Every structure is written in C-alpha cells, then in structure tokens.
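Working notes, structure below.
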Amino acid sequence: MKRLTKSLSSFRCCGRGTSAVEFALVMPLFLAMVFGIVVYGSYLAVVHGVQQLAAEAARSSIAGLSETERSNLAKSYVTSNASAYPLIVPANLAVNAATSSSDANVFLVTVTYNASGMFIFSLPAFVPAPSSQISRSAAIPRGGY
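If you read the sequence shown in the working numbering, its first letter stands for residue 113, the second for the next number, and so on.
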C-alpha cells in the first residue's frame, strides 16, 4: 500500500507530460484561428478586387463621349483586367454602367461578383458566412464645371 501511495504522489508531481497535454488543448484553437484568418482574408481580397475593378472601370469610362461609349469602355475594362486578380473568376462578374438615376451628371459603374463558389461557403453552417453576392460601385462626375 505504501508503494502505491508513493507512486501516486510521484505521478502527481511529475510534469513531463504537461507540455503535450497543453499542446493538445491549445493547438486546435490556434489552427482554427489561423484557418479562419486565411479563409476570411481570401474573401476580403475578392471584395477589394471587385471594388478596384469598379473604380478603374469608372475612371476608364471618362474617355467616352456618349452614354453607350462610356458603358462599353467600362465593360471592356472589367473584361480585359479581371484576370489580373487571381482569386476572381472572370465568368462570375457582371457589369452595369449607366448614368445615375439620382444625378444626371454622375456616371455610375457597378460590378457584381457571384462568390458562391469560394471555399468559405462550403464550411459548416455554424461558421458565419458573408453574402455570396459581392456588389461594389464607383461613381464619377462628368467634368467641366
């Protein structure tokens, strides 16, 4: 009995396995945080890319003399430059370029991206997912005044 008590007390005082237990408890949480940062970071990179495409398309539309020419310039800019963004699939982009309904002196370019094919939307339901439709706009006033 004395031997059993001695081995139990030495087991309690021994700290050789504590690092392994702590690692087993902390590592899954750490990996989940890193994985979340990467997944949400890729989604935010796509959002930023769509915004940049809309802004540059609006800037390129300034050269047009008519509404149709401005619209064609904006759409062709998005079509030709979408491949420069590695996380964006060009086939999932839609462009709407027209004069603003609230102000006739403002030309509005809206780029919409269907992001439903991204990895973030295949995660389990308990993970909060952002909207799968990313829509960003850029407005540019007609100059000269």
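C-beta atoms are modelled at their ideal positions from N, C-alpha and C, and glycine is treated no differently. Keep in mind the model is a prediction, meaning the values are calculated, not measured.
So what's Phe135 in DSSP terms, helix, strand or just coil? helix
What residues in its chain sit with their C-beta under 6 Å from that of Val162, if we drop five residues either side in the sequence? In the same chain as Val162, and ignoring 5 residues on each side of it, the C-beta atoms closer than 6 Å to its own belong to Val223, Tyr225, Ile246 and Arg248, in chain order.
My output table needs one value for Arg128: the three-state DSSP class, helix, strand or coil. Looking at Arg128 - three-state DSSP - the assignment turns out to be coil, as it is neither helix nor strand.
Between which two residues does the beta strand (DSSP E) containing Ser247 stretch? Gln245 to Pro253
So, using beta-carbon positions, are Val158 and Leu199 closer together than 8 Å? yes
Please determine, among Ala227, Ser234 and Asp215, the residue with the shortest C-alpha to C-alpha distance to Ser244. Ala227
According to the Cβ coordinates, are Leu334 and Ser195 closer than 8 Å? The structure shown does not extend to residue 334, since the chain spans only 113 to 257, so no value can be given for it.
Just to confirm the assignment: which complete alpha helix (DSSP H) runs, minimum length 4, are found wholly within the stretch 161-209? Within the stretch 161-209, the complete alpha helix (DSSP H) runs of at least 4 residues are 179-193.
Do you know how far the Cα of Pro242 is from the Cα of Ala175? 36 Å
Backbone secondary structure at Phe142 - three-state DSSP: helix
Straight-line gap, Ser188 to Glu168 (C-alpha atoms, nearest Å): 11 Å
Measuring CA to CA, which of Ser131, Ala250, Met230 and Arg128 is closest to Val201? Minimum Cα distance to Val201 is reached at Met230.
Would you mind stating whether Leu220 and Asn193 have Cβ atoms separated by less than 8 Å? no
How far does the beta strand (DSSP E) with Val221 in it reach, from first residue to last? Val218 to Asn226
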